[in-house]
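Visitor:
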Ligand code: FAE
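Numbering (mature numbering (1 follows the signal peptide of the UniProt record, and there is no 0)), first residue to last: -28 to -1, 1 to 501.
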């Protein structure tokens, strides 16, 4: 471990121990040279590179710092026994599966709404899952860390130099995030991936290819937890409400390094509400809350350089609000356009009784069915666990497909929020591609779809997504490096830049693109190399 990372981890532990909502050095408020909104992938990369270049930087995060244990000795709760820590100000959990065997046993009432770690932003016809807390989506995601197919990446982002991405920025992102791959011998023999091997066998029987997907969950740790030599996390049903062990979330990598530069401060439980011009920089409105949602303080903070990393929905909403309420009236018309789900669709198959998937399942997926090269129905379907502790005879999948449909956001003056316009029919192309793949597998194996998991007996659920992309596209709302058009010193660093599709799980690409953009911006706009 580097000295920088050690210093950053120490700062995080100290802040947790003292219950502070400020991590790192005190800023000379009310002005900071650089301000970064959010602490997800784009934001974390940006803050590290700014801090390492000697630029005093403040990060503003609306969620909590997640490293203080609750009464049960754990920081996060499991999917099997969710409590108030699970969801961001919801009265009930909203897991992607609605029911099991048509029974309402998946979701739980949570009592008084609390600043939990997973949010589901509900729009008509689409629920968008996002992480809330220091580390953003890295706290709740499955850690799958594939690099996109180069030909598809070049199609999606033709203006980005693919050579530089594939030679320099993707390898850098993977190294910084701590991406690793499961040992093939372990994968073949461990009971915790029986579910993955069963689905792989079925896919091969139907003539499809499968591939191993890298991850930021430490597979050596997984082996130790299986042998009961370490506390269980992936084997204890932990994932979408956080992993207590094993996963390299951003607070253990980029954000620790950023804090370790001594130039970065993170303010938690603080939401950026407004952005306005302020001389050559910007003035942001802040609202600090306690963990129960009570507003404790409203303030303003001025900065010279403002980087938006609040995620696809968060960044788009901040910019739309600024344009439509007149605080930044000249923001481009392209803000709010070009949003997509990365073609996400979930489905499950019912296996034969003689084909069990195992009672102890790792929550960390490691195999995918790769039908990406199909000319009409491309799909990359991760083989997901159903870790309920019982034999389910179910094979679950989250497929990524090509869906050319795009949604758009408008600002709602009554609610002061962004409204997503996405019709139910816009999810049909995703369902068609997934159905093409799984119909063939069901036919080859003689199996059917599970209809007990999503309300309305639906075999496919494409009314939620884990991979929101777009809303402020690279090259449209911004120049080719994330500089917002006509707004010097205002930048977008996150998934809002990516035009609705990537073909694989997105965080490695978000990270690599942010590395590329900040390298350029530091050199050109801030004269740092
Ligand atoms: P993101 O990580 O969403 O961070 C944005 C941050 O900004 C959050 O911490 C917000 O709380 C904060 N924020 C928002 N608005 C404000 C505001 N106004 N003021 C202050 N703070 C604000 O942004 N991707 C993969 O590649 N592999 C996976 O296995 C995978 N699994 C997933 C599973 C789940 C359940 C979910 C929800 C997502 C998954 N993803 C996965 C998607 C991935 O986590 C997501 O694409 C990235 O986290 C997006 O990164 P951003 O930097 O755009």
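Even glycine gets a Cβ: it sits at the ideal position worked out from N, Cα and C.
Please look up how many angstroms separate the CB atoms of residue 213 and residue 57, rounded, as I've assumed it's under 8 angstroms.
Guide: With a Cβ gap of about 7 angstroms, residue 213 and residue 57 count as contacting.
Visitor: Using a threshold of 7 angstroms, is the CB atom of residue 475 nearer than that to any non-hydrogen atom of the ligand FAE?
Guide: No, the ligand FAE has no heavy atom inside 7 angstroms of this Cβ.
Visitor: If you pair each beta-carbon of the region 8 to 15 with each one of the region 68 to 83, do three or more pairs fall below 8 angstroms?
Guide: No, the region 8 to 15 is not in contact with the region 68 to 83.
Visitor: Check whether the Cβ of residue 151 lies closer than 7 angstroms to any heavy atom of the ligand FAE, and answer yes or no.
Guide: For the ligand FAE, not one heavy atom lies less than 7 angstroms from the Cβ of residue 151.
Visitor: Within 8 angstroms, do at least three Cβ pairs link the region 228 to 236 to the region 273 to 293?
Guide: Flag = no, the region 273 to 293 and the region 228 to 236 do not touch.
Visitor: Does the beta carbon of residue 32 fall short of 7 angstroms from some heavy atom of the ligand FAE?
Guide: Answer for residue 32: yes, Cβ within range of the ligand FAE.
Visitor: CB residue 334 to CB residue 193, shorter than 8 angstroms?
Guide: Cβ distance not < 8 angstroms, so residue 334 and residue 193 don't count as in contact.
Visitor: When the Cα atoms are used, what is the spatial distance from residue 223 to residue 319?
Guide: Approximately 32 angstroms, taken between the alpha carbons.
Visitor: Would the beta-carbon of residue 438 be found less than 7 angstroms away from any heavy atom of the ligand FAE?
Guide: It does: the Cβ of residue 438 is within 7 angstroms (strictly closer) of some heavy atom of the ligand FAE.
Visitor: Note the first and the last residue of the continuous beta strand (DSSP E) segment covering residue 260.
Guide: Taken as a continuous stretch (DSSP letters only), the beta strand (DSSP E) holding residue 260 covers 253 to 261.
Visitor: Throw me the rounded Cβ distance for the residue 525 and residue 444 pair, which I believe falls under 8 angstroms.
Guide: Residue 525 is absent from the structure shown; the chain starts at -28 and stops at 501.
Visitor: Expressed to the nearest angstrom, what Euclidean distance is found between the alpha-carbon atoms of residue 70 and residue 48?
Guide: Approximately 22 angstroms between the Cα atoms of the pair.
Visitor: Starting from residue 210, trace the beta strand (DSSP E) both ways and give me its first and last residue.
Guide: Per DSSP, residue 210 belongs to no beta strand (DSSP E) and is neither H nor E.
Visitor: Can you give the beta carbon distance from residue 326 to residue 379, rounded, assuming they're within the 8 angstroms contact cut?
Guide: Between residue 379 and residue 326 the Cβ distance is about 43 angstroms, and since that is not below 8 angstroms, they are no contact.
Visitor: Which class does residue 323 belong to by DSSP, given the choice of helix, strand or coil?
Guide: If DSSP states are grouped into helix, strand and coil, residue 323 belongs with coil.
Visitor: Do three or more CB pairs link the region 182 to 197 to the region 139 to 159 at distances below 8 angstroms?
Guide: Judged by Cβ distances under 8 angstroms, the region 182 to 197 makes contact with the region 139 to 159, as three or more pairs qualify.
Visitor: CB of residue 479 to nearest heavy atom of the ligand NAP: below 7 angstroms?
Guide: The ligand content of the structure shown is limited to the ligand FAE, which means the ligand NAP is not among them.
Visitor: Quick one: what's got a C-beta closer than 6 angstroms to residue 124's C-beta in the same chain, skipping five residues either side?
Guide: 475.
Visitor: Where does residue 176 fall in DSSP's three states?
Guide: Helix at residue 176.
Visitor: At a cut-off of 7 angstroms, is residue 102 close to the ligand FAE when judged by its beta-carbon and the heavy atoms of the ligand?
Guide: Yes; taking the cut-off as 7 angstroms, the Cβ of residue 102 has a heavy atom of the ligand FAE nearer than that.
Visitor: Which whole runs of the alpha helix (DSSP H) in the region 14 to 60 are 4 residues long or more, in chain order?
Guide: Counting whole runs of 4 or more residues, the region 14 to 60 contains no alpha helix (DSSP H) stretch at all.
Visitor: Taking all protein chains shown into account, do 16 or more other C-beta atoms lie within 10 angstroms of the C-beta of residue 316, making it buried, or fewer, making it exposed?
Guide: So residue 316 counts as buried.
Visitor: Just the C-alpha distance for residue 106 and residue 153, rounded to the nearest angstrom, thanks.
Guide: The straight-line gap from Cα to Cα measures roughly 25 angstroms.
Visitor: Tell me, to the nearest whole angstrom, how far the beta carbon of residue 314 is from that of residue 439; I am working on the premise that it is less than 8 angstroms.
Guide: Indeed, because the Cβ distance is near 4 angstroms, the residues count as touching under 8 angstroms.
Visitor: Within the same chain, show all residues whose beta-carbon is closer than 7 angstroms to that of residue 429, passing over the 5 residues directly before and after it, in chain order.
Guide: Cβ neighbours of residue 429 beyond the five flanking positions: 423.
Visitor: Below 7 angstroms CB to CB, which residues in the same chain sit around residue 195 once its five sequence neighbours on both sides are set aside?
Guide: Correct list, in chain order: 158.
Visitor: Would the C-beta of residue 482 count as close to the ligand FAE, meaning under 7 angstroms from any of its heavy atoms?
Guide: Residue 482: yes, Cβ under 7 angstroms from the ligand FAE.
Visitor: Check whether the Cβ of residue 257 lies closer than 8 angstroms to any Cβ atom in chain B.
Guide: In the structure shown, chain B cannot be found, because there is only a single protein chain.
Visitor: CA-CA distance, residue 337 and residue 127?
Guide: Those two C-alpha atoms are separated by around 27 angstroms.
Visitor: Counting C-beta neighbours from all protein chains within 10 Å, is the total for residue 473 16 or more, i.e. buried, or is it exposed?
Guide: Burial call: buried.
Visitor: The beta strand (DSSP E) that contains residue 183, what's its start and end?
Guide: 181 to 184 is the span of the beta strand (DSSP E), which, as asked, contains residue 183.
Visitor: So the alpha helix (DSSP H) residue 279 belongs to, where does it begin and stop?
Guide: Residue 279 -> not in any alpha helix (DSSP H); beta strand (DSSP E) instead, spanning 267 to 280.
Visitor: Go through its chain and collect everything with a Cβ distance to residue 299's Cβ below 7 angstroms, but skip five positions before and after it.
Guide: Cβ neighbours of residue 299 beyond the five flanking positions: 246, 247 and 248.
Visitor: Measuring CA to CA, which of 250, 22 and 343 is closest to residue 272?
Guide: When each option's Cα is compared against that of residue 272, the closest is 250.
Visitor: Would a C-beta distance cut-off of 8 angstroms place residue 421 and residue 321 closer than the cut-off?
Guide: In this structure, residue 321 lies closer than 8 angstroms to residue 421 by Cβ.
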